[in-house]
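Number of protein chains: 2
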Amino acid sequence: MPYDPSAFPPFAVTVDLVVLTVRRHALCALAVRRGEPPFQGRWALPGGFVRADEDLAQAAARELAEETGLRAHDPSTPAQDNGAHLEQLATYGDPKRDPRMRVVSVAHLALAPDLPAPRAGGDASNARWAPVEELLQQGGYGRDGEPVAPLAFDHAQILADGVERARSKIEYSSLATAFCPTEFTVGELRRVYEAVWGVALDPRNFHRKVTGTPGFLVPTGGTTTRQGGRPAQLFRAGGATLLNPPMLRPEV
Amino acid sequence: MPYDPSAFPPFAVTVDLVVLTVRRHALCALAVRRGEPPFQGRWALPGGFVRADEDLAQAAARELAEETGLRAHDPSTPAQDNGAHLEQLATYGDPKRDPRMRVVSVAHLALAPDLPAPRAGGDASNARWAPVEELLQQGGYGRDGEPVAPLAFDHAQILADGVERARSKIEYSSLATAFCPTEFTVGELRRVYEAVWGVALDPRNFHRKVTGTPGFLVPTGGTTTRQGGRPAQLFRAGGATLLNPPMLRPEV
DNA sequence: ATCATAGTCGTCTTCCTGACGATAAACACT
DNA sequence: AGTGTTTATCGTCAGGAAGACGACTATGAT
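Residue numbers (our numbering), protein chains in the order written: chain L, 1 to 252; chain H, 1001 to 1252.
Next comes the structure, spelled out in structure tokens:
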């Protein structure tokens, strides 16, 4: 078939972000309140249109910076600075996912250490970190007893897919360090795994596993006592990106 | 920002397919010859525009049927019929990836058993199964001494990503059975792993592993001798989709 | 001083894997 | 019929990794 510019329907292309962090022992995602219809007033994932001259990864990094101030580091340059990890998640293109028009959204997954405070266009009341279970429970009641509306569009599905990606990826990669600040302790890293997986891990076996995996952790020499108890060694993320053998997620 | 239909640039959205199969002990991908510019005469991955009323998965299934005659089975209805496995791979949206216009391509990965013959719009000379190493080597010479042109667009990258996805996914899932016909032997399944990974596996340990994993293989009672040697038991794919513990890919 | 908390080192058992010997059942020869 | 070849299948053994859990250490709180 010859090339015919009228042969294809026009689409709008957006990027949506699943930004995850660990706060107070819970896996949290960034949500923004929608200011206009459709779904006005409802919570949604941050995102926006891809510009005409922009790559998808660039658009995702730009949105991430606009919403959180985080720089994304290039995936080819792993965890050195305290920028966020950013990767493409999946693409959602149901014809009816946006009632206004045909929109294809390329969702991205970002993992960040605990941050001071979200900012959505300068208005803090329109952005928040919320535990993912709270955002995913449809039509229930939140911790404060307020009714919880489901996320706008198909964002509950996107968030669920992003959480599942994070849960499986920390098994066989060193990605859990993306949730930690530059220097962290073994206990802090363990609490990341526990929050993301929602399980309790044996501190002794965990310590043996992570310190025994070459390239995973690099001791910085310092110690800290910010968690109480005996001072703990401080580590930085090592160069290894793949864990072999993987960290095993407990059954059930 | 209020909704403004002129606020976003229009995109064309396509699906491209990485269709993999195992033929003659080699991992092969389906390639089609381009009939029009750009890249006229070069080999490319099959694909096409997403229609206005079509979901992305529907578009991919339609293209797969057009190119190969294969029905894709729904991911929620695993390996029963001899349809192909189809899943979304990744999305490619570099502004310059298509010189004509802004095209975002949602690549999909399909795994199929060895098929009679490809058909691309009825013209067999414009479609072929080629070993992935042959398609991925840039500017070398093929088995027959002819110069090999690299794949059109960014399809070499897409193919490489698809192959990598397949290689890693057969580690921890029962997806390797998607390369096999409905009934197959342990040896045939082993040859799938060997072709996809490009390694030799110990037949005895492989046999112990796959027959010892509950839900992976279901004996059908029959035997076959189509490989020569002692008759082998026939199996069908069991209901299990996740392999735990995974099949280990040898180092090197 | 005592307790609570968190970190770190060991031990033991169990399971899984890799290496590899041995047997079984077909076919192709001579 | 006998012999060799090929593929399938069962068994054995050693090494490594993980789960369960005891023991000890170093802080702060009471």
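Cβ atoms here follow ideal geometry from the backbone N, Cα and C, with glycine treated the same way.
When DSSP labels each residue in this structure, what does Q1233(H) get in the three-state scheme? As a working note, residue 1233(H) is residue 233 in the second sequence. Correct three-state label for Q1233(H): strand.
Given that L56(L) touches chain H, what residues does it touch there, using C-beta distances under 7 Å? The sequence position of residue 56(L) within the first sequence is 56, counting from 1. In chain order: T1091, G1093.
Distance, I170(L) Cα to D26(L) Cα: Within the first sequence, the letter at position 26 stands for residue 26(L). Within the first sequence, the letter at position 170 stands for residue 170(L). For the record, residue 26(L) in the displayed sequence is Ala; it is not Asp. Using only the alpha carbons, I get a separation of about 16 Å.
Mind reading off the beta-carbon distance from T91(L) to T1091(H)? Whole number of angstroms is fine, and I expect it under 8 Å. As a first step, residue 91(L) is located in the first sequence; it is residue number 91 there, counting from the start. As a first step, residue 1091(H) is located in the second sequence; it is residue number 91 there, counting from the start. Right, their Cβ atoms sit about 4 Å apart.
At the 8 Å Cβ level, is P10(L) part of the contact set with chain H, yes or no? Position 10 of the first sequence, counted from the first residue, corresponds to residue 10(L). Yes - at least one Cβ of chain H is within 8 Å of the one on P10(L).
Nearest-angstrom Cα distance between N244(L) and Y172(L)? As a working note, residue 244(L) is residue 244 in the first sequence. As a working note, residue 172(L) is residue 172 in the first sequence. Those two C-alpha atoms are separated by around 7 Å.
Alpha helix (DSSP H) containing H155(L): first to last residue? As a working note, residue 155(L) is residue 155 in the first sequence. From DSSP, the alpha helix (DSSP H) with H155(L) extends over 155 to 172.
Taking Cβ to Cβ, would you say G1162(H) is nearer than 8 Å to A1107(H)? In the second sequence, residue 1162(H) corresponds to position 162, counting from 1. In the second sequence, residue 1107(H) corresponds to position 107, counting from 1. Result yes, Cβ atoms of G1162(H) and A1107(H) sit closer than 8 Å.
Which ranges does the alpha helix (DSSP H) cover as unbroken runs of at least 4 residues, wholly within the region 1192 to 1216 of chain H, from first to last along the chain? 1203 to 1212
Where Q58(L) sits in the DSSP three-state scheme: Here residue 58(L) refers to the residue found at position 58 of the first sequence. Three-state result, Q58(L): helix.
Leaving out the 5 sequence neighbours to the left and right, which residues in its chain are closer than 7 Å to A1195(H) when beta-carbon positions are compared? By 1-based counting over the second sequence, the position of residue 1195(H) is 195. For A1195(H), where only same-chain residues beyond five positions count, the Cβ hits under 7 Å are V1022, H1025, A1026, L1027.
Who are the neighbours of F39(L) on chain H, taking C-beta pairs under 9 Å? For the purposes of this step, residue 39(L) is taken as the residue at position 39 of the first sequence. Simply none; closest approach about 12 Å.
Measuring CA to CA, which of D1016(H), P1095(H), A1232(H) is closest to G1222(H)? Numbered from 1 along the second sequence, position 222 holds the residue referred to as residue 1222(H). The candidate whose alpha carbon is nearest that of G1222(H) is A1232(H).
Using the three-state DSSP reduction, which class does T1182(H) fall into: helix, strand or coil? Within the second sequence, the letter at position 182 stands for residue 1182(H). Of the three classes helix, strand and coil, the one that applies to T1182(H) here is coil, per DSSP.
For a contact defined as C-beta to C-beta under 8 Å, what are the partners of R1051(H) on chain L? As a position in the second sequence, residue 1051(H) is number 51, starting the count at 1. Chain L residues near R1051(H): P9.
Three CB pairs or more closer than 8 Å across the region 55 to 68 of chain L and the region 172 to 183 of chain L: no
What does DSSP give as the partner residues of G85(L) in its beta bridges? Residue numbering aside, residue 85(L) sits at position 85 when the first sequence is read from its first letter. Per the sequence presented here, residue 85(L) reads as His, with Gly not at that position. Its beta-bridge partners are L111(L).
Cutoff 7 Å; reference A60(L); Cβ partners in own chain excluding five residues on either side: On the first sequence, position 60 is the one that residue 60(L) refers to. Cβ neighbours of A60(L) beyond the five flanking positions: V15, L17, L86, H108.
Going by CA-CA distance only, name the one from M247(L), T182(L), L201(L), N205(L) that's closest to V218(L). Numbered from its first residue, the first sequence carries residue 218(L) at position 218. It is T182(L) whose Cα lies nearest to the Cα of V218(L).
How far does the beta strand (DSSP E) with L1030(H) in it reach, from first residue to last? Numbered from 1 along the second sequence, position 30 holds the residue referred to as residue 1030(H). Run containing L1030(H): 1026 to 1033, per the beta strand (DSSP E) assignment.
State the beta-bridge partners of V1104(H) as determined by DSSP. Taking the second sequence and counting its residues from 1, the one referred to as residue 1104(H) is at position 104. Bridge partners of V1104(H): V1013(H).
Answer with yes or no whether the minimum CB distance from V199(L) to chain H is below 8 Å. On the first sequence, position 199 is the one that residue 199(L) refers to. Chain H contact via Cβ: absent.
Between which residues of its own chain and R1100(H) is the CB-CB distance below 8 Å, once the five residues before and five after are set aside? If you number the second sequence from 1, residue 1100(H) lands on position 100. Cβ within range, chain order: P1038.
Do T185(L) and L115(L) count as a contact pair if the criterion is CB distance below 8 Å? Working through the first sequence from its first residue, we reach residue 115(L) at position 115. Working through the first sequence from its first residue, we reach residue 185(L) at position 185. Not a contact, by the Cβ cut-off of 8 Å.
I need the DSSP call for T259(L), collapsed to helix, strand or coil. This structure cannot speak to residue 259(L), because chain L is shown only from 1 to 252.
Under 7 Å between beta-carbons, which chain H residues line up against R34(L)? List them in chain order, please. By 1-based counting over the first sequence, the position of residue 34(L) is 34. Result: empty, since nearest Cβ-Cβ is about 11 Å, beyond 7 Å.
Note down, in chain order, every chain L residue with its Cβ under 8 Å from the Cβ of Q1088(H). Here residue 1088(H) is taken as the residue at index 88 of the second sequence, counted from 1. Near Q1088(H) (Cβ distances below 8 Å), the residues of chain L are A90, T91.
Closest to L135(L) by CA distance: which of L159(L), G228(L), N126(L) is it? As a working mapping, residue 135(L) is identified with position 135 in the first sequence. For L135(L), the nearest C-alpha among the options comes from L159(L).
Checking contacts by CB at 8 Å: is V1106(H) closer than that to chain L? Numbered from 1 along the second sequence, position 106 holds the residue referred to as residue 1106(H). For V1106(H), the answer is yes, since a Cβ of chain L falls inside 8 Å of its Cβ.
Reduced DSSP secondary structure (H/G/I, E/B, other) of G47(L): As a position in the first sequence, residue 47(L) is number 47, starting the count at 1. The answer is strand: DSSP assigns G47(L) an E or B state.
Give the DSSP-derived three-state secondary structure of T21(L) in the structure shown. Translated into positions along the first sequence, residue 21(L) becomes position 21. In the structure shown, T21(L) sits in a strand (DSSP, three-state: E or B).
Measuring only the C-alpha atoms, how far is E1188(H) from L248(L)? Along the second sequence, read from residue 1 onward, the residue named residue 1188(H) stands at position 188. Along the first sequence, read from residue 1 onward, the residue named residue 248(L) stands at position 248. For E1188(H) and L248(L), the distance between alpha carbons rounds to 30 Å.
Find out if the Cβ-Cβ distance for the pair A110(L), A84(L) is shorter than 8 Å. Walking along the first sequence from the start, residue 110(L) turns up at place 110. Walking along the first sequence from the start, residue 84(L) turns up at place 84. The answer is yes: Cβ separation under 8 Å.
Helix, strand or coil at Y92(L) according to DSSP, with G and I counted as helix: Taking the first residue of the first sequence as position 1, residue 92(L) is located at position 92. Strand, per DSSP.
Distance check for L201(L) and V132(L), CA to CA, integer angstroms please. Taking the first residue of the first sequence as 1, we reach residue 132(L) at position 132. Taking the first residue of the first sequence as 1, we reach residue 201(L) at position 201. C-alpha separation (whole angstroms): 20 Å.
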